[in-house]
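J.: Protein sequences, first through last, are from chains A and X.
With positions in the first sequence counted from 1, the corresponding number in the numbering used here is that position plus 3.
With positions in the second sequence counted from 1, the corresponding number in the numbering used here is that position plus 234.
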Amino acid sequence: MSTQVSTQASAELFQSLSTPEARMALAPLLALAVGVVLHLVCDVVEALKPARALVFVGAIGAGVAAELRVLLGSPPPGLVFDGTFVADRSTALFGLIFLIAALLAWLVSNGYYRENRPFKPEHDALLLTTPVGMMLMVGARDLVVFFVGLELLSLPLYALCAFRRMRAESVEAGIKYFLLGSFSSALFLYGAALLYAATGTLSLGELAGAELGTPLALAGLALIAASLFFKVSVFPFHLWAPDVYQGSPTPVTALMATGTKAAAFGFLIVQLTPLLPLGGRSLVAVLALVTMALGNLGALVQKDLKRMLAYSSVAHAGTLLLLVAAGMGAPDRHGALQAAFFYLGGYLFTAMGAFGLIALLESDGARFTQLDSLRGLSRTRPVIAALLALFLLSLGGIPATAGFLGKWFVFAVLVRQDMLLVAVLGALLSTVALAYYLRVIVTLYMQPALEGHEPPRTNRLSASVVGAVCAAFVLAMGLFPALFLGLLGG
Amino acid sequence: MLALLTFLPLAGALLIAFLPKQSESLLRLVALAVTVVTAGLGIALYLDFDPAKLGFQHEFTQPWFSLDGYDAPIPIAFHVGLDGISLLLVALTVVLMPLVVLSAYGHVHERVKEFLVWLLVMETGMLGVFVALDVVLFYFFWEVSLVPLYFLVGIWGGERRIYATIKFFLYTVAGSLVMLVGVLALLWNCGSASLPELFTLVAQRLDPLTQTWIFGAFALAFAIKVPLLPFHTWLADAHTEAPTSGSVLLAGVLLKMGTYGLLRFGIQLFPGVAIDAAPLFLALGAIGIVYGALLALAQQDLKRLIACSSVSHLGFVVLGLFALTGPAMRGALLQMINHGLSTGLLFLLVGMVYERTHTRDLARYGGIAKVMPVFALFFVFTVLSSAGLPGLNGFVGEYLILAGTFQVSPLWAALSVTGVIFGAVYLLMATRRVLFGPITNPENEHLVDLGAREIGLMLPLVALVIWIGVQPNALLSKCAPALERVIERVEGARLASASAAAPAEEIR
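Pasting the structure below:
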């Protein structure tokens with residue numbers, strides 16, 4: 004009897020897997036997963052070793068193609084696998100963000116690890132795993148699916164953070180991230196368990212119709228939110244970010260700042276926010292403003308560029324959290340999605356470009372992340388300095404860059420929800436942010452080099468490509484936003 | 235045509251960016267050519283402009299992107315056009331630019347290429363602000379124009395340049411970010427970003443309270459830029475530390491962005507609120523006139539003195555704008571141009587003498603007229619123009635403003651007249667201390683007088699100063715109809731609020 008049931012169940016499962024929609028939704032994930040396996044195989048077979056780069060790029064390319072199919076397919080697959088996973092235009096766009104982040108981080112990492120070169124293939128395989136986790140997170144319509152995605156992203160990242168294992172700060176970053184990350188995973192599970200106890204379901208679709216006002220359910224939602232806040236470094240869970248960002252290898256930092264943040268915010272804004280009760284809006288808005296303030300004030304006093312960008316990333320998380328606050332109760336889903344997509348897309352190219360150039364300059368020595376060591380860079384490396392200045396202005400939200408329109412769309416959503424006071428406070432806090440971005444530009448352009456100080460000479464083609472591509476996208480998004488807004492559709 | 239005018243300098247900047255940085259004379263020549271051609275275009279537009287026509291001329295629209303509105307998507311466009319108000323400011327900008335490039339021959343010797351690139355980018359930003367007819371586009375250019383000046387002051391400025399440039403940037407950005415919220419609120423509530431449409435939509439769709447809030451958000455940004463009284467502290471630092479060309483542009487054009495904004499997005503867009511807010515702005519303007527003049531009296535640093543005089547002069551402009559009468563508003567617009575010319579000249583002259591003496595300290599001058607008679611001639615001429623000598627430009631503007639304000643508010647007009655007197659005092663005192671008396675500083679005994687380039691670059695401005703002084707109607711006739719329509723809007727709003735208030739009185 005029981006065998007019969009399980010056979011029947013697995014037959015149903017197989018059927019639900021093999022519908023055309025399910026195949027279409029699963030294709031990007033499968034492309035990457037196959038890529039990871041192939042990559043590992045190539046690493047073992049001597050004759051195939053040169054093909055590793057090809058496999059990496061091929062897997063990303065196949066993933067991009069599969070996401071584009073979802074994006075342009077009409078209608079997109081929608082809910083699949085018994086309503087546990089969704090693939091539509093917005094998840095496809097986030098998928099593209101993750102794939103591009105992984106590809107660019109890989110380009111930045113090529114030639115970055117001097118002392119650890121033999122292990123680079125493992126690094127790449129881990130790197131290729133992370134977008135799978137991110138895609139699962141954004142598409143999850145079930146808390147368990149989300150958790151699988153979260154772990155699939157986090158576990159490779161723990162290893163990647165500690166990847167420069169000869170350097171104490173890298174190992175420290177890895178351990179710190181691992182311990183706190185496990186803690187946040189536990190919070191998530193606990194929250195999910197409480198929600199289940201309160202409502203009897205873990206599916207977001209069913210939760211949307213369930214009574215979430217009970218204390219038990221609210222406690223569950225709060226725990227889940229806390230665990231996500233940890234991932235995106237929102238106050239009061241932001242303290243790990245500066246240490247981990249600074250200690251990790253720069254390509255990994257770049258991936259965390261862009262990809263991880265996009266994944267967690269993608270889930271928050273696309274899937275979870277509509278569930279959150281409107282009554283919590285002011286609390287979330289206050290958390291967001293405090294995060295912005297702490298991030299910006301923290302960045303103001305930093306002497307290390309990487310650490311400064313870490314604090315700046317905390318501040319950006321605060322801005323994005325404003326979007327979550329505005330989206331609570333799902334009043335204007337399209338506007339919030341548009342803003343989230345544009346902000347995170349812009350931040351992807353901006354932060355990736357900035358970290359990529361830092362990686363290029365430091366050439367495996369932490370020396371050149373110190374602000375003072377970058378003095379007068381505009382004389383010795385004019386192109387790098389100009390691009391870095393462009394990225395900093397974009398982070399600060401100056402027009403003609405992607406950062407400006409990202410900020411613009413976020414504030415547009417806020418003003419539309421009549422959160423005028425929050426918008427004005429947020430705007431004023433962004434002014435503080437400009438103070439430290441401008442200070443870096445002062446260092447690059449307006450101060451002479453220190454006596455007896457060698458400017459960095461490093462040159463790596465693939466990191467330079469990242470800088471150029473990111474700059475092109477930052478400007479294109481800033482000047483021709485219609486090209487990118489059209490992707491999301493009406 | 236207008237789009238070409240706006241982006242020509244940017245194209246020039248890109249061209250220069252790809253030229254080798256060693257060939258400085260070529261770079262300077264290209265920059266000069268680009269600005270001269272732009273000036274030619276601008277003057278052609280000026281001559282072609284027909285003040286009798288209603289609405290904006292040379293309009294050009296290119297869709298850019300769109301935002302979700304409440305009912306329908308709000309199209310944001312690259313929408314530019316000219317009316318009598320923007321025409322004069324565009325003309326001022328394009329005329330000043332070649333002279334600024336020429337003046338840079340004297341004081342910029344390092345990193346020439348970068349300097350010229352920023353200068354040209356700035357021209358695009360400034361022109362964009364004046365011609366934009368889309369609120370989003372206006373905001374875009376408004377913020378973009380900050381960046382070049384940040385670099386101009388920060389790289390080529392004086393000793394405290396970094397402090398000055400960051401202060402300037404943060405002050406202005408704080409204001410403009412608040413304006414951003416205002417822009418967004420305007421967009422959502424009116425469902426349009428196009429200025430000509432907004433002129434009618436604002437009154438239809440916004441209740442007075444919302445209008446007041448949005449006006450406040452805009453006015454804060456403009457007041458910081460002008461700068462009006464409590465926000466003026468960035469100006470003295472930025473002016474003092476900026477290189478000559480930066481100071482000329484800052485005084486000549488950038489500050490006008492603030493007064494232009496007050497006129498276009500304050501008074502013209504929200505006439506009802508402007509009527510209510512007028513007493514506040516009249517007071518701030520009048521106090522600014524006197525306070526700026528008193529500050530100028532106390533300065534030891536020649537450049538700082540002129541910077542403080544700018545606070546005083548722009549107080550006149552604000553006073554004239556918010557008197558909300560025809561003559562005062564014409565005077566205010568004329569005074570914007572006058573201040574650009576006279577103060578531009580003053581900064582050029584100070585820059586020229588600074589290149590020779592390397593000091594701005596008034597105590598280290600004295601008796602310069604003996605060694606530099608041509609310089610002294612120009613300096614006295616400019617000071618008289620700035621102080622409002624009849625027959626020169628400053629007199630016409632100040633007279634119109636004071637006459638127009640007196641109809642509305644004799645008190646503030648009377649207070650402002652004392653500003654004229656103080657103005658004459660600090661300017662003439664500065665002239666005496668720089669030019670006349672014995673040469674107290676032995677280093678000044680062998681100064682070389684102005685060369686042909688220096689005289690040549692000032693002559694166009696001198697000619698304009700005299701022309702406006704003698705023939706102010708030539709300029710005024712171009713802008714008067716446009717200003718008349720602003721006044722009509724204000725009067726319309728006044729009537730509307732009066733008729734709204736009248737029934738309420740009857741009920742009581």
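Beta carbons: idealized from backbone N, C-alpha and C, even for Gly.
It should be emphasised that the depicted structure is a prediction, and the values quoted were computed from it without experimental measurement.
Reducing DSSP to helix, strand and coil, say where residue 300/X ends up.
T.: If DSSP states are grouped into helix, strand and coil, residue 300/X belongs with the strands.
J.: Contact defined as beta carbons within less than 8 Å: I believe residue 425/A pairs with residue 325/A. What is the distance between those atoms, to the nearest angstrom?
T.: Confirmed, Cβ separation roughly 7 Å.
J.: Determine the burial state of residue 17/A: buried for a count of at least 16 other Cβ atoms within 10 Å of its Cβ, exposed for fewer.
T.: With fewer than 16 Cβ atoms within 10 Å of its Cβ, residue 17/A is classed as exposed.
J.: Would you mind telling me which residues of chain X sit closer than 7 Å to residue 433/A, beta carbon to beta carbon, in chain order?
T.: Ordered by position in chain X, the residues that pass the 7 Å Cβ test against residue 433/A are 411.
J.: Using a Cβ-Cβ distance under 8 Å, would residue 314/A count as near chain X?
T.: No, because no Cβ of chain X sits closer than 8 Å to the Cβ of residue 314/A.
J.: In chain order, what residues of the region 434-449 of chain A put their CB closer than 9 Å to some CB of chain X?
T.: Residues 434, 435, 437, 438, 441, 442, 444, 445, 448 and 449.
J.: Going along chain X, which residues have a C-beta under 7 Å from residue 338/A?
T.: Going along chain X in sequence order, the residues near residue 338/A (Cβ under 7 Å) are 302.
J.: Rank 289/X, 495/X and 236/X by C-alpha distance to the C-alpha of residue 295/X and give the top, closest one.
T.: Nearest C-alpha to residue 295/X: 236/X.
J.: In terms of residues, what are the limits of the alpha helix (DSSP H) holding residue 345/A?
T.: Its alpha helix (DSSP H) spans residues 336-365.
J.: For the candidate residues 341/X, 625/X, 686/X and 363/X, whose alpha-carbon lies nearest to that of residue 592/X?
T.: Here the closest residue by C-alpha is 341/X.
J.: Going along the region 384-400 of chain A in order, which residues come within less than 8 Å of chain X, judged by CB to CB distance?
T.: Within the region 384-400 of chain A, the residues whose Cβ lies closer than 8 Å to some Cβ of chain X are 396, listed in chain order.
J.: Going by C-alpha distance, which of 217/A, 346/A, 299/A and 170/A is nearest residue 441/A?
T.: Measuring from the Cα of residue 441/A, the nearest candidate turns out to be 299/A.
J.: Quick check: the Cα distance between residue 74/A and residue 371/X, rounded to an integer number of angstroms?
T.: C-alpha separation (whole angstroms): 31 Å.
J.: Report the neighbours of residue 404/X on chain A: residues whose CB is nearer than 7 Å to its CB, in chain order.
T.: Going along chain A in sequence order, the residues near residue 404/X (Cβ under 7 Å) are 434, 437 and 438.
J.: Among 296/A, 172/A, 335/A and 305/A, which residue has its Cα nearest to the Cα of residue 317/A?
T.: Among 296/A, 172/A, 335/A and 305/A, the Cα nearest to that of residue 317/A is on 296/A.
J.: Which residue wins for smallest C-alpha separation from residue 559/X, given the options 675/X, 430/X, 349/X and 728/X?
T.: Cα-wise, what sits closest to residue 559/X is 728/X.
J.: Closer than 8 Å, CB to CB, is residue 351/X near chain A or not?
T.: No, residue 351/X lies away from the interface with chain A (no Cβ there is under 8 Å from its Cβ).
J.: Relative to the C-alpha of residue 376/X, which candidate in 358/X, 669/X, 388/X and 393/X has its C-alpha closest?
T.: The candidate whose alpha carbon is nearest that of residue 376/X is 358/X.
J.: On the three-state DSSP scale, how would you describe residue 286/X?
T.: Coil.
J.: Along the region 414-438 of chain X, where does the CB come closer than 8 Å to a CB of chain A? Name the residues.
T.: Hits within the stretch, in order: 414, 415, 418, 419, 421 and 422.
J.: Quick one: measure Cβ to Cβ for residue 176/A and residue 247/A, integer angstroms, because I've assumed they're closer than 8 Å.
T.: Contact holds; Cβ gap of about 5 Å.
J.: Could you give the first and the last residue of the continuous alpha helix (DSSP H) run that contains residue 50/A?
T.: It is not in any alpha helix (DSSP H) - residue 50/A carries neither H nor E in the DSSP assignment.
J.: Select from 215/A, 242/A and 307/A the residue whose C-alpha is nearest the C-alpha of residue 275/A.
T.: Comparing Cα positions, the closest option is 215/A.
J.: What does DSSP give as the partner residue(s) for residue 310/X in the beta ladder?
T.: Paired residues: 299/X.
J.: Against chain A, does residue 741/X count as a neighbour if the rule is that its beta carbon must be under 8 Å from one of theirs?
T.: Here residue 741/X scores only 48 on pLDDT, less than 50, and its place in the model should not be relied on; the value that follows carries that caveat. Not an interface residue.
J.: Pull the bridge partners of residue 64/A from the DSSP assignment, please.
T.: Answer is none; residue 64/A lacks a bridge partner.
J.: In angstroms with no decimal places, state the Cα-to-Cα distance between residue 587/X and residue 289/X.
T.: Using only the alpha carbons, I get a separation of about 45 Å.
J.: In whole angstroms, what separates the C-alpha of residue 347/A from that of residue 27/A?
T.: Near 25 Å, if we compare the C-alpha coordinates of residue 27/A and residue 347/A.
J.: Is there a Cβ of chain X sitting closer than 8 Å to that of residue 477/A, yes or no?
T.: Not closer than 8 Å to any Cβ of chain X, the Cβ of residue 477/A fails to qualify, so no.
J.: For my contact list, residue 310/A and residue 245/A are in at a C-beta cut-off of 8 Å; report their separation, rounded to the angstrom.
T.: 5 Å between Cβ atoms; contact.
J.: Among 625/X, 648/X, 350/X and 687/X, which has the Cα closest to the Cα of residue 699/X?
T.: For the residues 625/X, 648/X, 350/X and 687/X, the minimum Cα distance to residue 699/X belongs to 625/X.
J.: Measure the alpha-carbon distance for residue 742/X versus residue 643/X and round it to whole angstroms.
T.: With a pLDDT of only 45 at residue 742/X, under the threshold of 50, the placement of this residue in the model should not be trusted; the figure read from the coordinates follows. Residue 742/X and residue 643/X: Cα-Cα distance of roughly 30 Å.
J.: Have a look at residue 552/X and residue 647/X and give me their C-alpha separation to the nearest angstrom.
T.: Whole-angstrom Cα-Cα distance: 12 Å.
J.: Please decide whether residue 414/A counts as near chain X, where near means a Cβ-Cβ distance under 8 Å.
T.: It does: the Cβ of residue 414/A has a partner Cβ on chain X nearer than 8 Å.
J.: Evaluate residue 286/X with the Cβ neighbour count: other Cβ atoms within 10 Å of its Cβ, from every protein chain shown; 16 or more gives buried, anything less gives exposed.
T.: By the neighbour-count rule (16 or more Cβ atoms within 10 Å), residue 286/X is not buried but exposed.
J.: Residues of chain A with CB under 8 Å from residue 381/X, in chain order?
T.: Within 8 Å Cβ-Cβ: 396 and 401.
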